[in-house]
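Trainee: Below you'll find the structure I mean.
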Amino acid sequence: MEFRETTSQDRAALLALYLKAFPEEDLTALAAELLDRAGDEILSLAAVEEGEMLGHVVFTRCAPQGDGRRGALLGPLLATPERHGQGIGSALVAAGHARLDAEGVAEVLVLGDPDYYGRFGFAQSDRVTAPYPLPADWAPAWQSLRLSDREGLKPGPLDVPEVWRNPVYWGP
Ligand SMILES: CC(C)(COP(=O)(O)OP(=O)(O)OC[C@H]1O[C@@H](n2cnc3c(N)ncnc32)[C@H](O)[C@@H]1OP(=O)(O)O)[C@@H](O)C(=O)NCCC(=O)NCCS
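If you read the sequence shown in numbering that gives the first Met the number 0, its first letter stands for residue 0, the second for the next number, and so on.
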């Protein structure tokens, strides 16, 4: 299996994968916007086997306002349902972290299930906060991980680019 940056030619297969992996919530509009911005702002990685798209992860490069350090927001992350539990999700996260680490990213933030992201070393973030206030019971889901023991980002709300400035992505 190959873990590589996506191209515009992957678009249709990736959007189809989103419909399969998130049957109860249509994330294709968000995915399409993120794919359009892949490059400087967005790291978009696919897990591909014999030409078949088996998983996808997005990292959005961002940090609190005025912070000179580099940070990233992880998400979405998905693997094709028929191949769950085979390490695709973990491998995509690891591949993304390795690339971000190499470019000097200090800290990765994620809003997701602590039972899953805890396995990578993510823990509840008490310094960098989410771009929108989260419901109290979601607090444990807002997590961070420092790469290579670098000094973490400055405390404050994560200053996300326009594509993420929609409260729909930050609440129930
Ligand atoms: C979450 C997801 C990406 C994991 O992909 P994957 O390739 O199956 O993950 P891995 O094989 O690396 O890890 C599987 C392990 O994670 C566990 N796991 C998966 N989702 C979990 C969750 N929400 N909470 C806790 N554990 C979870 C599995 O039980 C399995 O545990 P095991 O290693 O003890 O057997 C995949 O389940 C998925 O695409 N889900 C639908 C989309 C989604 O919810 N994405 C995350 C939010 S953006």
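From the three backbone atoms N, C-alpha and C, an ideal C-beta is built for every residue, glycine too.
#1: Tell me whether Ser143 sits in a helix, a strand or coil according to DSSP, three-state version.
#2: Rounded to whole angstroms, what's the CA-CA distance from Asp35 to Gln8? Just pull it up for me.
#3: Given that a residue counts as buried once 16 or more other Cβ atoms are within 10 Å of its Cβ, and exposed if not, what is Ser147?
#4: Take Thr120 as the anchor and find which of Ala138, Gly86 and Leu144 has the nearest alpha-carbon.
#5: Could you say which of Ala138, Leu13, Leu44 and His83 lies nearest to Ser124 if we only look at CA atoms?
#6: Alpha carbon to alpha carbon, what distance is there between Gly65 and Ala46?
#7: At 4 residues or longer, what runs of the alpha helix (DSSP H) sit wholly inside the stretch 26-110?
#8: From Ala15 to Ala28, what distance separates their C-alpha atoms?
#9: In angstroms, rounded to a whole number, what distance separates the CA positions of Gly170 and Val109?
#10: Do Val56 and Gly95 have their beta-carbon atoms positioned less than 8 Å apart in this structure?
#11: Span of the beta strand (DSSP E) holding Asp158?
#12: Ligand 1 heavy atoms versus the CB of Ser143: any closer than 7 Å?
#13: What residues are listed by DSSP as bridge partners for Gln123?
#14: Assuming Leu44 and Thr5 are in contact, meaning their beta carbons sit under 8 Å apart, how far apart are those beta carbons, in whole angstroms?
#15: Using a strict less-than 6 Å threshold between each residue's beta carbon and the heavy atoms of ligand 1, what residues do you get?
Mentor: Considering the structure as presented:
#1: strand
#2: 12 Å
#3: exposed
#4: Inspection of the sequence shows that residue 120 is occupied by Gly rather than by Thr. Nearest C-alpha to Gly120 among Ala138, Gly86 and Leu144: Leu144.
#5: Ala138
#6: Taking the straight line joining both Cα atoms gives about 34 Å.
#7: 27-35 and 87-101
#8: 12 Å
#9: 14 Å
#10: yes
#11: Gly155 to Asp158
#12: Ser143: no, Cβ never under 7 Å from ligand 1.
#13: Gln142
#14: 7 Å
#15: Ala20, Phe21, Gly74, Pro75, Leu76, Leu77, Ala78, His83, Gly84, Gln85, Gly86, Ile87, Gly88, Ser89, Gly111, Asp112, Asp114 and Tyr115
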